[in-house]
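Reviewing the structure listed below.
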Ligand SMILES: [Zn+2]
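As structure tokens, then:
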């Protein structure tokens, strides 16, 4: 337990601590995705394109609304850092913090990746996760976190004093710059906190510090998403590889990641693109 050394616990400290935890958001009220609708979408689908993200690098790709995409492990255990934008408006992007608050620190089948304010709508729904069996391990870790940020050269410089140019932040920036024909310094302003695909992480029980351990992902594993709106995505094959030891350097063995984009064979009956939040944006009485 962390205590400030210059404070003393009051006499009713135990009582104050004993109050029950309350789930912050009434997530029971969340519009629930209809599993049968997504099952119908994935029952018959055709691979329409695929790309490979090279190790220690990033690639961008677009996914039309109503299509599915998979991130697939190939060759060896590898973590991927995923950014998602509205393909028509980069100001609407994946909101890691709210996704974490609405679902959990780690996401799996049935969870949705929400967009930033003032939009707040599902960008994508996770429709399959071959690592769904992992759950929570004895260290309290899970897979596919939305608690990390992304490895970046600024934090690396702060901590090590050295420059490294293949952190996920840089890989995502270069990928977006290439896709949109913008300078990398402009692209990096659009890069945001990621979904850490395949990454196995948690908080230490004693100090509540962010930790990682070698990803349980193996070649053939994949996570699959249904695109709720037209998406622009960027994926980095993290220089940390399976993130079992280090990151932000060339030490770890790294592997490519494959992205596959699928079109459902039939129109998905009953599915509609989610609208942005209809909050008035008055912000005052
Ligand atoms: Zn990384």
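Residue numbers (our numbering): 16 to 300.
Heads up, the beta-carbon is just placed ideally off N, CA and C, and yes, glycines get one too.
Remember, predicted model here, so these are calculated numbers, not experimental data.
Taking residue i and residue j to be in contact with their CB atoms under 8 Å, please state how far apart those CB atoms are, rounded to whole angstroms.
i           : j           : result
residue 74  : residue 181 : Residue 74 to residue 181, Cβ: 13 Å. No contact.
residue 248 : residue 98  : 7 Å
residue 251 : residue 95  : 7 Å
residue 245 : residue 29  : That pair is no contact at about 54 Å.
residue 134 : residue 263 : About 32 Å; that fails the 8 Å criterion.
residue 124 : residue 157 : Their Cβ separation, rounded to whole angstroms, is 13 Å, which puts residue 124 and residue 157 out of contact at 8 Å.
residue 85  : residue 243 : Contact flag wrong, Cβ pair sits at about 16 Å.
residue 56  : residue 77  : At roughly 18 Å, the Cβ-Cβ gap does not stay under 8 Å, so residue 56 and residue 77 are not in contact.
residue 165 : residue 183 : 4 Å
residue 230 : residue 210 : That belief does not hold up - the Cβ atoms of residue 230 and residue 210 are roughly 14 Å apart, past 8 Å.
residue 116 : residue 40  : 6 Å
residue 237 : residue 88  : 7 Å
residue 239 : residue 143 : 4 Å
residue 272 : residue 54  : With a Cβ gap of about 25 Å, residue 272 and residue 54 do not count as contacting.
residue 52  : residue 285 : 5 Å
Classify residue i as helix, strand or coil using the three-state DSSP reduction.
i           : result
residue 165 : coil
residue 146 : coil
residue 282 : coil
residue 138 : strand
residue 122 : coil
residue 199 : helix
residue 42  : helix
residue 205 : helix
residue 300 : coil
residue 24  : coil
residue 50  : helix
residue 170 : helix
residue 177 : coil
Would you kindly report the start and end of the unbroken beta strand (DSSP E) that includes residue i?
i           : result
residue 188 : Residue 188 -> not in any beta strand (DSSP E); alpha helix (DSSP H) instead, spanning 183 to 195.
residue 278 : 272 to 279
residue 158 : 157 to 160
What residues match up with residue i in a beta bridge as DSSP calls it?
i           : result
residue 130 : 109
residue 96  : 211 and 251
residue 101 : 104 and 246
Between which two residues does the alpha helix (DSSP H) harbouring residue i extend?
i          : result
residue 29 : 28 to 32
- Could you tell me which uninterrupted beta strand (DSSP E) segments, each at least 3 residues in length, are contained entirely in the region 52 to 92, listed from first to last along the chain? 60 to 68, 73 to 78 and 83 to 88
- Query: Unbroken alpha helix (DSSP H) runs of length 4 or more, entirely within the region 216 to 267: which are they?
  - Reply: none
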